[in-house]
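Chemist: Top to bottom, those sequences are chains A and B.
Read in this note's numbering, the first sequence has 98 at position 96, and its numbers run on one by one without any break.
Read in this note's numbering, the second sequence has 85 at position 83, and its numbers run on one by one without any break.
Number of protein chains: 2
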Amino acid sequence: MTDFNYLEIDDVIHSRIRTAIMAVLISVDEAEFTFIREKINATDGNLSVHLKKLEEHKYISVTKKFIERKPVTRYKITKTGRNAFEDYIKKLESIIRSNSKK
Amino acid sequence: MTDFNYLEIDDVIHSRIRTAIMAVLISVDEAEFTFIREKINATDGNLSVHLKKLEEHKYISVTKKFIERKPVTRYKITKTGRNAFEDYIKKLESIIRSNSKK
DNA sequence: TAAAGTACTTTGAAAATTAAAGTAAATTTG
DNA sequence: CAAATTTACTTTAATTTTCAAAGTACTTTA
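(1) In whole angstroms, what is the alpha-carbon distance linking Ile28 (chain A) and Glu95 (chain A)?
(2) May I ask which residues mark the beginning and end of the beta strand (DSSP E) holding Phe68 (chain A)?
(3) Hey, does Asn43 (chain A) have any beta-carbon neighbour from chain B nearer than 9 Å?
(4) Using a Cβ cut-off of 9 Å (strictly closer), state whether Tyr8 (chain B) contacts chain A.
(5) At least one CB of chain A closer than 9 Å to the CB of Ile91 (chain B): is that the case?
(6) Within the 9 Å Cβ cut-off, does Leu56 (chain B) reach chain A?
(7) Per DSSP, which one or two residues make a beta bridge with Glu34 (chain A)?
(8) For Lys66 (chain B), which option in B:Ile19, B:Phe35, B:Val26 has the closest C-alpha, if you only look at C-alpha atoms?
(9) Among B:Phe68, B:Asp46, B:Glu57, whose alpha-carbon lies nearest the alpha-carbon of Thr82 (chain B)?
(10) What residues in its chain sit with their C-beta under 8 Å from that of Lys55 (chain B), if we drop five residues either side in the sequence?
(11) Arg18 (chain A) versus chain B: which residues are under 8 Å apart at the beta carbon?
(12) Going along chain B in order, which residues have a C-beta closer than 8 Å to the C-beta of Ile97 (chain A)?
(13) By alpha-carbon positions, which one of A:Tyr90, A:Ile62, A:Phe6 ends up nearest to Lys41 (chain B)?
(14) If you drop the 5 nearest sequence neighbours on each side, which residues of the same chain put their C-beta closer than 8 Å to that of Ile69 (chain A)?
(15) Can you check whether the C-beta of Asp5 (chain B) is within less than 9 Å of a C-beta belonging to chain A?
(16) Quick check for students: name the residue ranges of the alpha helix (DSSP H) that lie wholly in the segment 7–34 of chain B, counting only runs of 4 or more.
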């Protein structure tokens, strides 16, 4: 078992809802607000706040359009976001693996 | 990609410091306060609060003794805690895997 | 015996999380 | 066709969580 600093875990990702958002976005090219909302069962307000946080950290990019007279907001994972998510998983795995093996 | 509710992720575990604590405790029979503190690089106050939270949820058990006139607090993962941690990992893996495959 | 260290716990401020309420537009209903 | 409802979000504000500084109760060292 090796030492590690828990602060190395990316806390922009390590929140239940943001982990879920990132997991959805890593698998799709683009996703609409409503699509994510339904995938992860989030409330509008909550989702909005956390998407904004991910955007502020440049983990996702956002485009807003009107389609058939309706507002549509699309989210896309950035390269930064993809790297961060991959690192996050590796870090978590290493913490779990380095500790859970006898 | 399947739907999931992010609220299914155990939030007693899904905190950086508590994930780290649980990862340490799952690998050892028992661990002292100071051992955990050094393993994960936590401050005393913060560690104390989160160990208490894990204890309140019966994920860990605590024994306090004096050894060579000094207080020694030992922590042990419970069956409940072990199950919760294993479920937590499975849930996270499924969220990540179900979404990250193209 | 005074000062410093150890092993924690308590506390309170700051940050994060959450859902209710709000906005602005479109659509449906009576 | 005006009012009510719905849609797609955003803002807000109350609650919860996180964190480290300060506190407690000793023990050890000088």
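For glycine and all other residues, C-beta sits at the position ideal for the given N, C-alpha and C.
Modeler: So, from the listed chains and residues:
(1) 18 Å
(2) 62–69
(3) yes
(4) yes
(5) yes
(6) no
(7) A:Arg76
(8) B:Phe35
(9) B:Glu57
(10) Val14, Arg20
(11) Tyr8, Leu9, Ile11, Asp13, His16
(12) Thr21, Ala22, Ala25
(13) A:Phe6
(14) none
(15) yes
(16) 18–29
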